[in-house]
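**Q**
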Amino acid sequence: MRGLVRETELTPAHLVYPLFVEAGLSGRSPIESMPGQDRLGLDALAAEARELRALRIPAVLLFGLPPEKDEQGSGAWARDGIVQQAAAILKDAAPELVVIADVCLCEYTSHGHCGLLWPDGTVDNDATLPLLMETAVSLATAGCDIIAPSDMMDGRVAAIRAGLDQGGFSQVPVLSYAAKFASAFYGPFREAAESAPAFGDRRGYQMDPANARMALDEVLTDIDEGADMVMVKPALPYLDVLRRVRDAVDVPVAAYNVSGEYSMLMAAAERGWIDRDRAIDETLTSIRRAGADMVITYHARQWAERH
Ligand code: PBG
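FYI, the numbering for the sequence shown is -18 to 288, going by this note's numbering.
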């Protein structure tokens, strides 16, 4: 009877699983700050892709750990970049697996910021745009199905859309990290991706957690610039923002259940303070209930194994 009247549906079809791919790694290596998650070497990807498909998970979101970093983040758009190589392997092993590429420079810059820097250490928004555009085109060329810019530079969706169209990728959609807040909950990810800023923080380009109206404005701006889907990130501390975005727009909405949300739950479960599986079910259901079409979550694989 509960099933008959249940309002919110959660199936593997709604889940996106983030993958960290590390250059030079063979096999898998556990991420200490995220119990149960691994970084993968290129040689581990084909099997991973097939297993995710067998679990009916439709999509992955790729992050790369390049062999080297530099001031510009040139590893992001290198033809043989780590994510470019990973995408080709995944598409070859499981062509129906949707490969979403995160577009940002922070994993590739020596200073760990998401864009080029002025001499005073602040981010040069406009000079960063052509690099993001080049990265997006390079990732689409490598076979990525969806381009997801997470850098938060102003004007990047328009730049990326124009670059994709000119490059012959007008059919490749942009999933914009539209409302991305400057959050403490990215902590474990920055350890996993070795992308913590060497100095300062990201408050100059990510959003103030206090602002929900501004989040809506960012979402509408990105849709205006050509975003096909929009994201709210993190998820749990921003379910109200997610609901408002869902009510305001008709494009698909994604929510990112980020690393800190994952690790917090796993740490409490490890101590026996909460029931892990029930807490995960409730978490993912709440994000769907708040209006997310897609939930990007590190729990995806474990959840799908149980259902
Ligand atoms: C890159 C990026 C970050 C995350 C996704 N893309 C880190 C950041 O902005 O510092 C965080 C994801 C997570 O915490 O799970 N800019």
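We put the beta carbon where it would ideally sit given N, CA and C, even for glycine. Note that the structure is predicted; figures quoted are calculated from it, not measured.
Following a CB-centred definition, is Asp83 positioned closer than 7 Å to any heavy atom of ligand 1?
**A** To locate residue 83, count along the sequence shown from 1; it is residue 102. It does: the Cβ of Asp83 is within 7 Å (strictly closer) of some heavy atom of ligand 1.
**Q** Let me check understanding here. Comparing Cα to Cα, which of Glu3, Ala235 and Cys95 lies closest to Asp24?
**A** Counting from one through the sequence shown, the residue named residue 24 turns up at place 43. Closest by alpha carbon: Glu3.
**Q** Going by Cα to Cα distance, which pick from Leu201, Ala123, Tyr89 and Gly124 is closest to Leu112?
**A** Numbered from 1 along the sequence shown, position 131 holds the residue referred to as residue 112. Of Leu201, Ala123, Tyr89 and Gly124, the residue nearest in Cα terms is Tyr89.
**Q** Closest to Val41 by CA distance: which of Asn106, His(-5) and Gly56 is it?
**A** The residue labelled residue 41 in the question sits at position 60 within the sequence shown. Considering only alpha carbons, the answer is His(-5).
**Q** What first and last residue would you give for the beta strand (DSSP E) that runs through Lys50?
**A** Your numbering for residue 50 matches position 69 in the sequence shown. Careful: Lys50 lies outside any beta strand (DSSP E) and carries neither H nor E.
**Q** Assign Ile292 to one of three DSSP states: helix, strand, or coil.
**A** Any answer about residue 292 is impossible in this case: the structure gives the chain only from -18 up to 288.
**Q** Would you kindly check if the distance between the Cβ of Met210 and the Cβ of Tyr237 is under 8 Å?
**A** The residue labelled residue 237 in the question sits at position 256 within the sequence shown. The residue labelled residue 210 in the question sits at position 229 within the sequence shown. Against a cut-off of 8 Å, the Cβ pair of Met210 and Tyr237 comes out as no contact.
**Q** Take Phe166 as the anchor and find which of Trp254, Ser240 and Ala250 has the nearest alpha-carbon.
**A** Counting from 1 along the sequence shown, the entry for residue 166 is found at position 185. Of the listed residues, the one whose Cα sits closest to Phe166 is Ser240.
**Q** How far does the alpha helix (DSSP H) with Ala68 in it extend, from its first residue to its last?
**A** Your numbering for residue 68 matches position 87 in the sequence shown. Its alpha helix (DSSP H) spans residues Ile63 to Ala74.
**Q** Can you check which of these residues, Leu246, Thr266 and Leu197, is closest to Pro169 by C-alpha distance?
**A** Residue mapping note: residue 169 aligns to position 188 of the sequence shown, counting from 1. When only C-alpha atoms are compared, the closest one is Leu246.
**Q** Can you look up Ala208 in the DSSP assignment and give me helix, strand or coil?
**A** Translated into the one-based positions of the sequence shown, residue 208 becomes position 227. It is coil, neither helix nor strand.
**Q** What's the gap between the Cα of Gly149 and the Cα of Ala143?
**A** As a position in the sequence shown, residue 149 is number 168, starting the count at 1. As a position in the sequence shown, residue 143 is number 162, starting the count at 1. Approximately 10 Å between the Cα atoms of the pair.
**Q** How close, in whole Å, do the beta carbons of Asn106 and Asp83 come, if the pair is a contact with beta carbons under 8 Å?
**A** Position 125 of the sequence shown holds residue 106. Position 102 of the sequence shown holds residue 83. No, Asn106 and Asp83 are not in contact; Cβ-Cβ is about 19 Å, not under 8 Å.
**Q** Could you pull out every residue in the same chain whose Cβ sits closer than 8 Å to the Cβ of Ile12, ignoring the five residues on either side in sequence?
**A** Taking the first residue of the sequence shown as position 1, residue 12 is located at position 31. Cβ within range, chain order: Phe1, Gln18, Asp19, Arg20, Pro169, Glu172 and Ala173.
**Q** Using 8 Å as the Cβ pair cut-off and three pairs as the minimum, do the segment 69 to 76 and the segment 93 to 100 touch?
**A** No contact exists between the segment 69 to 76 and the segment 93 to 100.
**Q** Flag this pair as yes or no: are the beta carbons of Arg257 and Ala250 separated by less than 8 Å?
**A** Against the sequence shown, residue 257 aligns to sequence position 276. Against the sequence shown, residue 250 aligns to sequence position 269. The answer is yes: Cβ separation under 8 Å.
**Q** Can you round the beta-carbon distance between Leu120 and Gln65 to whole angstroms, since I take them to be within the 8 Å contact cut?
**A** Here residue 120 corresponds to residue number 139 of the sequence shown, with the count starting at 1. Here residue 65 corresponds to residue number 84 of the sequence shown, with the count starting at 1. The Cβ separation is near 6 Å, so the contact holds.
**Q** CA-CA distance, Thr264 and Val276?
**A** Here residue 264 refers to the residue found at position 283 of the sequence shown. Here residue 276 refers to the residue found at position 295 of the sequence shown. Distance between the alpha carbons of Thr264 and Val276 is about 10 Å.
**Q** Which residues in the same chain as Val332 place their Cβ atom closer than 8 Å to its Cβ, once the five residues preceding and following it in sequence are excluded?
**A** Because residue 332 is not part of the residues shown, which for the chain are -18 to 288, the question remains open.
**Q** Alpha carbons only, please: which of Val226, Arg287, Phe180 and Gly207 is nearest the one belonging to Asn192?
**A** The residue given as residue 192 occupies position 211 in the sequence shown. Of Val226, Arg287, Phe180 and Gly207, the residue nearest in Cα terms is Val226.
**Q** Pull up the CB-CB distance for Tyr186 and Val104, whole angstroms please, since I reckon it's below 8 Å.
**A** To locate residue 186, count along the sequence shown from 1; it is residue 205. To locate residue 104, count along the sequence shown from 1; it is residue 123. At roughly 6 Å, the Cβ-Cβ gap stays under 8 Å, so Tyr186 and Val104 are in contact.
**Q** How would you call Ala179, buried or exposed, if buried means at least 16 neighbouring beta carbons within 10 angstroms?
**A** Here residue 179 refers to the residue found at position 198 when the sequence shown is read from its first residue. Exposed is the call here.
**Q** Assuming contact is defined by CB atoms lying nearer than 8 Å, are His280 and Pro(-7) in contact in what I supplied?
**A** The residue given as residue 280 occupies position 299 in the sequence shown. The residue given as residue -7 occupies position 12 in the sequence shown. No, the pair does not count as a contact, with Cβ atoms beyond the cut-off.
**Q** Rounded to a whole number of angstroms, what is the C-alpha to C-alpha distance between Pro182 and His94?
**A** Sequence index remark: in the sequence shown, residue 182 carries index 201 (1-based). Sequence index remark: in the sequence shown, residue 94 carries index 113 (1-based). Going by the sequence as given, residue 182 is Asp instead of Pro. The straight-line gap from Cα to Cα measures roughly 8 Å.
**Q** Tell me the start and end of each unbroken alpha helix (DSSP H) in the segment 239 to 266 that is at least 4 residues and wholly inside, in chain order.
**A** Within the segment 239 to 266, the complete alpha helix (DSSP H) runs of at least 4 residues are 240 to 251.
**Q** In terms of DSSP beta bridges, what is Leu42 paired with?
**A** Numbered from 1 along the sequence shown, position 61 holds the residue referred to as residue 42. BP columns for Leu42 point to Pro(-1) and Ile81.
**Q** How would you write the range of the alpha helix (DSSP H) that Thr278 sits in, first residue to last?
**A** Locating residue 278 in the sequence shown gives position 297, counting from the first residue. That residue, Thr278, is in no alpha helix (DSSP H); its beta strand (DSSP E) goes Met275 to Thr278.
**Q** Ser119 lies in the alpha helix (DSSP H); which residues open and close that run?
**A** Mapped onto the sequence shown, residue 119 falls at position 138. Asn106 to Thr122 is the span of the alpha helix (DSSP H), which, as asked, contains Ser119.
**Q** Could you name the residues of the same chain whose beta carbon sits closer than 6 Å to that of Arg282, not counting the 5 residues immediately before and after it, in chain order?
**A** For the purposes of this step, residue 282 is taken as residue 301 along the sequence shown, with counting starting at 1. Excluding residues within five positions, the ones whose Cβ falls inside 6 Å are Tyr(-2).
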